Structure formats: structure tokens, C-alpha cells
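Student: Okay, here's the structure, questions in a sec.
Numbering (our numbering), first residue to last: 1 to 691.
In C-alpha cells, the structure reads:
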């Protein structure tokens with residue numbers, strides 16, 4: 001093995017032998033033979049699929065085949081890359097450099113370690129030691145490699161992954177004293193580099209958290225082994241940075257400001273790892289820091305879909321959240337978080353926290369959140385659901401800030417799940433390479449929301465930059481018995497003289513009235529865009545369309561009001577559930593032209609597929625002024641009658657303030673003093689959802 005670059009390691013004041021240093025690392029990151037055996041037996045029994053997946057990765061890595069498909073790989077790959085001879089750590093198989101970055105985070109070495117722990121096969125340890133030394137030889141820190149194998153984010157992630165991987169191999173004959181000393185020396189180089197990399201970008205970005213999580217762990221180990229005189233200062237530095245990043249980046253509702261669940265959870269993982277590192281070394285983060293981390297896990301619980309995944313908002317994949325909720329529940333001993341996690345400690349949790357974690361986790365009670373309606377007001381996320389179970393109905397509306405480069409143009413976007421089955425989805429991200437796919441999937445049109453005059457309200461400058469930073473405004477949520485209500489708006493079209501507002505009224509969780517209003521002057525076209533899930537069969541009809549899945553049916557009625565008409569269009573549109581994977585999907589658009597202030601409604605009536613036809617129907621009705629005894633214009637209000645399963649509902653949406661002829665309004669003899677109101681069957685008065 002090559003040992004030249006770090007053969008002369010720091011020794012000033014270092015009284016620890018290599019054996020003592022190994023023992024110190026093993027104390028924190030390793031496990032005894034008995035513990036290893038019990039962990040192995042546990043995961044083979046309870047998590048065979050996950051075990052098989054990691055074993056497959058370990059065997060592929062031994063054969064120098066690299067495919068990145070672990071659940072939290074930030075940029076997964078779909079095509080394997082094999083190196084027949086020497087590994088090229090800066091190899092880029094196509095136009096996307098993300099392969100380089102994922103390759104050099106070395107998460108797969110942890111899979112090697114777990115395979116070694118389960119089998120005792122020294123071939124895994126030899127592979128690790130060989131690849132580790134080879135990487136160090138071939139990847140000097142230079143100005144050039146700072147943009148490839150030595151970006152700070154990779155250095156930070158790699159730091160924590162190397163420590164955890166070494167915990168599995170530290171007792172192996174393959175990890176000779178020379179290999180281990182070289183490992184420590186390279187860790188010191190990582191520390192020097194990461195300590196010097198603070199900049200404003202780090203404070204506000206997920207990068208900074210990943211950088212300093214690695215530095216915090218590296219510094220603690222090096223202080224204990226005596227291999228770095230600066231380690232104590234680095235601990236304080238990394239800790240203070242993490243505290244500041246936690247304070248700056250996490251909104252009061254627990255959401256990380258970049259508005260992508262994927263990166264929210266990468267930051268959350270780092271914070272949980274930092275808490276564990278602190279516990280290893282009897283260090284401690286302030287209570288305020290810990291409370292913020294807990295609020296992040298609660299945000300995951302609130303937005304967790306019935307299939308247990310995160311919404312694919314912004315730059316996110318469809319990823320199961322149960323492992324993070326399990327870790328959060330275990331760490332904070334919280335029953336509500338456990339209700340969104342696994343019933344027992346998961347695969348990674350057992351390796352991270354030890355076999356005794358299962359006993360503690362199993363003893364923890366589980367209870368669902370108290371409310372089915374949730375509004376994360378700081379980030380602009382609304383949730384209405386029928387239950388917290390896997391067969392639940394779920395509506396999510398998103399209307400918050402952009403969230404930087406990972407954010408998409410999704411103000412007013414809706415996700416809809418019926419009976420646990422996706423109906424309307426966010427089409428995802430696919431790639432970070434600037435081009436047609438990247439810009440298309442970030443666009444307003446790519447989301448279940450509205451455009452004005454077929455124009456985008458924000459435009460891409462490149463893969464990360466935008467022009468047109470228009471804020472979301474307003475926002476409300478209310479519940480009146482069977483009726484739920486959410487409202488949002490944004491200034492994205494103010495340069496066209498238009499303010500757009502979206503209101504959603506829910507009758508139970510199977511009927512939704514999506515009400516969009518254009519406030520402006522002159523003639524404009526308002527277009528609602530809908531993206532069905534991949535398994536939904538789309539049938540367009542004259543007044544709307546039907547989505548039929550494997551378990552659910554949703555009837556969409558596009559209501560023009562008593563003035564104007566709706567034009568429906570269906571077109572192909574891509575859907576990406578995971579990075580580097582893209583499939584052919586469909587988009588349905590509903591267009592209406594109007595002048596000045598005008599609105600359009602889409603009524604969604606949902607049912608289980610095995611139910612009989614419910615006779616669902618929706619049509620426009622005039623909104624009347626009780627005082628004037630005459631109908632209001634469509635510039636003032638719209639109304640709709642909905643029929644389903646022998647019931648009838650009337651819904652009124654007023655576009656103007658209550659006053660004069662618009663102060664006591666309604667439809668078909670039912671009236672009220674509100675701007676958004678509903679009445680069922682023969683109810684005498686309307687229920688007011690918005691005054």
C-alpha cells in the first residue's frame with residue numbers, strides 16, 4: 001500500500017500509541033464482538049431487505065462497481081459504473097458532475113463495514129483499506145480538486161462517513177498501524193481545510209451544516225487521540241458554527257429555509273449526528289439548539305404522506321421518512337414522533353445506536369398528533385387529512401418563499417392523496433444540469449398551481465439562479481365542522497398588474513373546491529395546471545377530466561362561472577421520482593380568459609375505486625344579493641352546486657369585500673355574511689369559512 005503522503009504524521013506532544021488511538025476510536029464508533037453479533041442477528045431477522053441491499057452494495061464496491069441508490073443518497077444514479085483497473089475518483093460519466101460528488105462521500109464504505117460486521121470476511125476490510133489508501137494517494141488537496149473531490153460539502157460528509165466506517169474495521173489486520181496513522185493524518189487535513197472554509201454562504205446553506213458536522217466529529221476524535229494541537233479550537237469553532245446555522249436556517253415552524261424536504265432532512269441528519277457526537281464525548285449543545293432539531297423532526301411528521309414518504313417539493317426525491325422519525329423519536333423520547341416511525345428500531349438505527357436502542361425504543365409509547373389540520377405558517381405549508389393512517393386522504397398546499405437554488409416555482413401548489421394513493425403530485429427534479437429538463441421541472445407549469453397569460457412568474461438564469469423574486473402574501477386556515485379551508489396568494493404577476501389568490505375549501509376529505517382569483521386590469525388568461533401521479537389513467541371530457549388509479553377515482557369539474565368558458569388541454573409532461581430517473585407523465589390544463597377581477601373553480605370529487613358510481617356532478621350557479629334581490633357579476637363572486645352520493649352542497653366565493661350589494665349573499669336561497677361560504681342540502685344558512 002502507498003504510504004508516502006502522510007508517512008510523517010504529527011507527533012508533537014502525542015503520547016498515544018497507535019493501538020491506544022485505535023482503542024479510542026473503537027470506544028466511540030466501534031462495538032464489541034457480542035454487540036456486533038446481536039446487531040447482525042437483529043437486522044438479518046427484522047430487516048432482511050435492507051440487509052440484502054447493503055450486502056449487494058458492499059459486494060459491488062469490492063468489484064469496483066458503483067451505483068448510488070441508498071435512500072438518502074442526495075443524487076442517486078440509475079446506471080452502474082465499473083472500474084476495470086484503477087479507480088478514477090474524479091470520473092464523470094456524463095454532463096452531470098454529481099456522480100463525482102456522490103462517489104467521494106464514501107457512504108458505501110459504511111456498507112462495506114456492515115458486511116464485514118455480519119460476515120467477518122476479511123475481503124471487505126482489505127477492500128476498505130486499499131480504497132482508503134488509494135483515495136488519499138490520488139486526491140491531494142489542490143485548487144483544482146476543491147471543485148471536484150475536495151468540495152467542502154464532500155469533505156464534511158466524508159469526515160463523518162470515514163469515522164463510522166473505520167469503527168467497523170479498526171480491529172481488522174487489514175487496518176495496519178500505518179493505514180490507521182495515514183487515516184488520522186488525512187482526517188487532520190480535512191480538519192484544517194474545513195476550519196478555514198467559513199463564509200456567508202456556509203451560514204445560510206445546507207453545505208455549512210454538512211461541513212461543520214464533519215469538522216465537529218473529526219476534531220473530537222483528533223483531540224482524544226492527540227493527533228492535532230488545534231483540535232480543541234476546532235471543536236469550539238464547529239460547534240459555534242452549527243449553533244449559528246441552526247439559528248439562521250431553521251424557521252420557527254421547524255422547516256429548513258431552502259424549502260426542499262430532501263435538504264431539510266440532510267440538515268436534520270447532520271444535526272442528529274452532531275448531537276450523537278457530543279454525547280460520545282460528554283459535550284452538549286444548548287437546549288435551544290436541541291429544541292430546533294426536534295421541531296425539524298416534527299415538521300417531517302406533519303408533512304409525512306400516508307405512504308410514509310416526504311413530499312417531492314423543490315429539489316427532493318420521494319424518500320421514506322420513517323428512519324428519520326424513528327431516530328428523532330428515539331433521541332427525543334417522543335411518542336408523537338414514534339407514530340410516524342417504524343414499530344421497531346430500523347436497520348441504520350441499530351448500527352448507529354446499538355442493540356440496546358431497540359429495548360428503549362420498543363418501550364416508548366406511540367400516539368398520533370392531536371390535529372388533522374396543520375399549518376406550518378412560516379414556511380407556507382397547509383395540510384388537511386382524514387387520519388394519520390396509511391389509507392388516509394391528504395391534501396397539501398404550498399405557498400411560501402422560494403428557498404434559494406433548491407426551490408421550485410411552486411406557489412399555490414397542491415399534492416393530493418386519496419385512500420393512501422397519490423392522485424396529484426409534484427413532478428420532481430431529475431437533474432441539476434442546466435437545460436430543458438432542469439428548467440421545465442422547476443417551472444410554475446410543472447406544479448399543480450396557476451399561471452397568468454401562460455407566463456412564468458419566476459425565471460431560471462441557470463441551474464441555481466433566478467430572476468423575479470416575488471413573495472407569497474397573506475395566508476389563512478380554518479375549520480368549521482366538516483369544512484376545512486386554506487388560503488394563499490402571491491405577487492408573482494404583479495409586474496403584469498395581476499395579484500393571484502388561491503383558496504381551497506374541503507368538504508370532509510373527499511370533496512375539494514379549488515378557487516383561483518385573478519385581481520387585475522385588462523384581459524388576462526388564468527390557467528390551472530394538474531399533474532396526475534404516474535399510475536393515474538386520465539380521461540378528459542367536455543367539462544373536466546377523470547383520474548382513475550389502482551384504488552381511487554377523482555372527478556375534476558372545471559367551472560367557468562356564469563360568464564366565460566373553460567378550455568381543457570392534455571399534454572405529455574415528465575415525472576421524476578428520484579434523481580437521474582425520469583418517466584413520461586401527463587399534465588392537464590384548464591384555461592379561462594377574463595377581464596379585470598375574475599375567478600375560476602375546479603371541483604374535485606374523490607371516491608374509492610371499488611365504490612359504485614356516486615353520481616358526482618358540479619355546475620356553476622349564480623350568486624345572489626339578498627338585499628338587492630339580483631345576481632352578482634362574476635367580477636364580484638362565483639358559486640357552484642356540487643352533487644355527490646345523494647347530497648348537495650353550495651359553495652360561494654366572493655372576490656370583493658363584503659359591503660353594499662355584496663354584504664349578504666348566497667345561492668339558491670341560502671345566504672351569509674362571508675366571502676367563502678358553504679351549505680349542505682337544506683341548511684338554512686351558509687357556513688362562513690372566510691369573513
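Every residue gets a Cβ at the ideal spot worked out from N, C-alpha and C, and that includes glycine.
Quick caveat, the model's predicted, so the values are computed rather than measured.
Quick check: the region 383-394 against the region 415-434, are there 3 or more CB pairs under 8 Å?
Tutor: Yes, they touch.
Student: Within 10 angstroms of the Cβ of residue 587, are there 16 or more other Cβ atoms? Answer buried if so, exposed if not.
Tutor: Here residue 587 refers to the residue found at position 587 of the chain shown. Classification of residue 587: buried, given that the 10 Å Cβ count is 16 or more.
Student: Report back the beta-carbon spacing between residue 218 and residue 190 to the nearest angstrom; my notes put them in contact at under 8 Å.
Tutor: Locating residue 218 in the chain shown gives position 218, where the first residue counts as 1. Locating residue 190 in the chain shown gives position 190, where the first residue counts as 1. Right, their Cβ atoms sit about 6 Å apart.
Student: Express the C-alpha separation of residue 211 and residue 155 in angstroms, rounding to a whole number.
Tutor: Here residue 155 corresponds to residue number 155 of the chain shown, with the count starting at 1. Here residue 211 corresponds to residue number 211 of the chain shown, with the count starting at 1. So the alpha carbons of these two residues sit roughly 7 Å apart.
Student: Span of the alpha helix (DSSP H) holding residue 265?
Tutor: Along the chain shown, one-based indexing puts residue 265 at 265. 261-280 is the extent of the alpha helix (DSSP H) around residue 265.
Student: Please report the residue range of the alpha helix (DSSP H) in which residue 56 lies.
Tutor: Taking the first residue of the chain shown as 1, we reach residue 56 at position 56. Here the alpha helix (DSSP H) through residue 56 covers 48-62.
Student: Could one say the Cβ of residue 239 lies closer than 8 Å to chain E's Cβ atoms, at least one of them?
Tutor: The displayed structure is made up of one protein chain only, and chain E is not part of it.
Student: From the DSSP output, which residues share a beta bridge with residue 595?
Tutor: Along the chain shown, read from residue 1 onward, the residue named residue 595 stands at position 595. The partner list for residue 595 (beta bridge, DSSP) reads 523.
Student: Quick one: using the 10 Å Cβ neighbour count with 16 as the cut-off for buried, is residue 297 buried or exposed?
Tutor: Within the chain shown, residue 297 is the residue found at index 297, counting from 1. It counts as buried.
Student: May I ask you to report which of helix, strand or coil DSSP gives residue 418?
Tutor: In the chain shown, residue 418 corresponds to position 418, counting from 1. The answer is strand: DSSP assigns residue 418 an E or B state.
Student: For residue 689 and residue 106, I'd like the C-alpha separation in whole angstroms.
Tutor: Numbered from 1 along the chain shown, position 689 holds the residue referred to as residue 689. Numbered from 1 along the chain shown, position 106 holds the residue referred to as residue 106. Near 53 Å, if we compare the C-alpha coordinates of residue 106 and residue 689.
Student: Are residue 222 and residue 231 closer than 8 Å when you measure CB to CB?
Tutor: Mapped onto the chain shown, residue 222 falls at position 222. Mapped onto the chain shown, residue 231 falls at position 231. Yes, they are a contact pair.
Student: Looking at the unbroken alpha helix (DSSP H) that takes in residue 168, where does it start and where does it end?
Tutor: Within the chain shown, the letter at position 168 stands for residue 168. It spans 152-169 - the alpha helix (DSSP H) in which residue 168 sits, taken as one unbroken run.
Student: Can you list, in chain order, the residues of its chain whose CB lies under 6 Å from that of residue 260, leaving out five sequence neighbours each side?
Tutor: The count along the chain shown starts at 1 and reaches residue 260 at position 260. Within the same chain, residue 260 has close Cβ partners 314, 315, 316 and 406.
Student: Taking 6 Å as the limit between beta carbons, can you name the residues of its chain near residue 75, skipping five residues before and five after?
Tutor: Counting from 1 along the chain shown, the entry for residue 75 is found at position 75. Counting only Cβ-Cβ distances below 6 Å, and skipping sequence neighbours, we find 98, 102 and 579.
Student: Measuring CA to CA, which of 278, 205 and 250 is closest to residue 235?
Tutor: Within the chain shown, residue 235 is the residue found at index 235, counting from 1. That would be 278, whose Cα lies nearest to the Cα of residue 235.
Student: How about residue 361 and residue 330: do their beta carbons lie closer than 8 Å?
Tutor: The sequence position of residue 361 within the chain shown is 361, counting from 1. The sequence position of residue 330 within the chain shown is 330, counting from 1. Cβ atoms of residue 361 and residue 330: closer than 8 Å.
Student: What are the start and end residues of each continuous alpha helix (DSSP H) run of 4 or more residues lying completely inside the region 421-478, in chain order?
Tutor: As far as the region 421-478 is concerned, its whole alpha helix (DSSP H) runs of at least 4 residues are 436-442.
Student: Starting from residue 488 and walking both ways along the beta strand (DSSP E), at which residues does that stretch end?
Tutor: Taking the chain shown and counting its residues from 1, the one referred to as residue 488 is at position 488. Run containing residue 488: 483-490, per the beta strand (DSSP E) assignment.
Student: Going by DSSP, what residue range makes up the alpha helix (DSSP H) through residue 349?
Tutor: The residue given as residue 349 occupies position 349 in the chain shown. Its alpha helix (DSSP H) spans residues 347-353.
Student: For residue 604, list the residues DSSP reports as bridge partners.
Tutor: As a working note, residue 604 is residue 604 in the chain shown. Note: residue 604 sits in a beta bridge opposite 512 and 556.
Student: Under 8 Å, do residue 378 and residue 253 count as touching if we go by C-beta distance?
Tutor: What you label residue 378 is simply residue 378 of the chain shown in a count that begins at 1. What you label residue 253 is simply residue 253 of the chain shown in a count that begins at 1. Yes, Cβ-Cβ distance for residue 378 and residue 253 is below 8 Å.
Student: Applying the 10 Å Cβ sphere with the 16-neighbour rule, what's the burial state of residue 630?
Tutor: Within the chain shown, numbered from 1, the residue matching residue 630 stands at position 630. Exposed, since its Cβ has fewer than 16 Cβ neighbours within 10 Å.
Student: Where does residue 293 sit, in a helix, a strand or coil, going by DSSP?
Tutor: Along the chain shown, read from residue 1 onward, the residue named residue 293 stands at position 293. In this structure, residue 293 counts as helix in the three-state DSSP scheme.
Student: Once the 5 residues before and after residue 208 are set aside, which same chain residues still bring their CB inside 6 Å of it?
Tutor: Here residue 208 refers to the residue found at position 208 when the chain shown is read from its first residue. Result list for residue 208: 202 and 245, in chain order.
Student: I need the straight-line Cα distance from residue 636 to residue 656, nearest angstrom please.
Tutor: In the chain shown, counting from the first residue as 1, residue 636 sits at position 636. In the chain shown, counting from the first residue as 1, residue 656 sits at position 656. C-alpha separation (whole angstroms): 6 Å.
Student: Do you know offhand how far residue 113's Cα is from residue 495's?
Tutor: Start at 1 with the first residue of the chain shown, and residue 113 comes out as number 113. Start at 1 with the first residue of the chain shown, and residue 495 comes out as number 495. Cα to Cα, residue 113 sits roughly 57 Å from residue 495.
Student: Suppose you measure from the CA of residue 574 to the CA of residue 181; what does that come to, to the nearest Å?
Tutor: Here residue 574 corresponds to residue number 574 of the chain shown, with the count starting at 1. Here residue 181 corresponds to residue number 181 of the chain shown, with the count starting at 1. Their backbone Cα atoms lie some 50 Å apart in a straight line.
Student: Express the C-alpha separation of residue 546 and residue 539 in angstroms, rounding to a whole number.
Tutor: In the chain shown, residue 539 corresponds to position 539, counting from 1. In the chain shown, residue 546 corresponds to position 546, counting from 1. C-alpha separation (whole angstroms): 5 Å.
Student: So which of 200, 119 and 216 has the shortest CA-CA distance to residue 163?
Tutor: Here residue 163 refers to the residue found at position 163 of the chain shown. Of 200, 119 and 216, the residue nearest in Cα terms is 216.
Student: Going by C-alpha distance, which of 70, 77, 526 and 66 is nearest residue 87?
Tutor: The residue given as residue 87 occupies position 87 in the chain shown. Cα-wise, what sits closest to residue 87 is 66.
Student: Hey, residue 620 and residue 603: beta-carbon distance below 8 Å or not?
Tutor: Position 620 of the chain shown, counted from the first residue, corresponds to residue 620. Position 603 of the chain shown, counted from the first residue, corresponds to residue 603. No; because the gap between Cβ atoms is not below 8 Å, this pair is not in contact.
Student: Measuring CA to CA, which of 476, 454 and 442 is closest to residue 460?
Tutor: Along the chain shown, read from residue 1 onward, the residue named residue 460 stands at position 460. Residue 442 is the option with its Cα nearest to residue 460.
Student: DSSP three-state call for residue 250: helix, strand or coil?
Tutor: To locate residue 250, count along the chain shown from 1; it is residue 250. Note: residue 250 maps to strand in three-state DSSP.
Student: What ranges does the beta strand (DSSP E) occupy inside the region 114-143, keeping only unbroken runs of at least 3 residues that lie completely in it?
Tutor: Segments of the beta strand (DSSP E) lying fully in the region 114-143: there are none.
Student: In angstroms, rounded to a whole number, what distance separates the CA positions of residue 532 and residue 147?
Tutor: On the chain shown, position 532 is the one that residue 532 refers to. On the chain shown, position 147 is the one that residue 147 refers to. Cα to Cα, the separation comes out at about 39 Å.
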